[in-house]
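Numbering (the numbering used here), first residue to last: 2 to 112.
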């Protein structure tokens, strides 16, 4: 059975590890093709393709971490815009309810 990370950071780390692992396997495959290449021009082409795969994987991992850092604590940052709007609305109602309770409590004291 697969182990699931308990935090968003753990999940991002797991995903970026998978992306980088896939990129390295692609680099190994491309390096094998470069070894078999007949001339230098084709070898360079294969080596550049392998490096591009690694750079792209690193960029994907970096973006995932930056998204994680940009989301406020306690908010997952995931989901559809409609679901995010519902979460914000619910949080607003919660704040309004607390304010109403404070007002009612102060009114009860003055009666």
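Backbone N, C-alpha and C define an ideal beta-carbon position, used for all residues, glycine too.
Please report the distance separating the alpha-carbon of residue 24 from that of residue 18. Spanning the two alpha carbons is a distance of roughly 10 Å.
Have a look at residue 12 and residue 108 and give me their C-alpha separation to the nearest angstrom. Across the structure, residue 12 and residue 108 are spaced so that their CA atoms are roughly 48 Å apart.
Taking C-alpha atoms, which residue in 47, 10, 89 and 56 lies nearest to residue 33? It is 47 whose Cα lies nearest to the Cα of residue 33.
Kindly indicate which three-state DSSP category residue 102 falls into: helix, strand or coil? Helix.
Option in 38, 41 and 66 with minimal Cα separation from residue 10: Here the closest residue by C-alpha is 66.
State the DSSP-derived secondary structure class of residue 7, mapped to helix, strand or coil. In the three-state scheme derived from DSSP, where H, G and I count as helix and E and B as strand, residue 7 is classed as coil.
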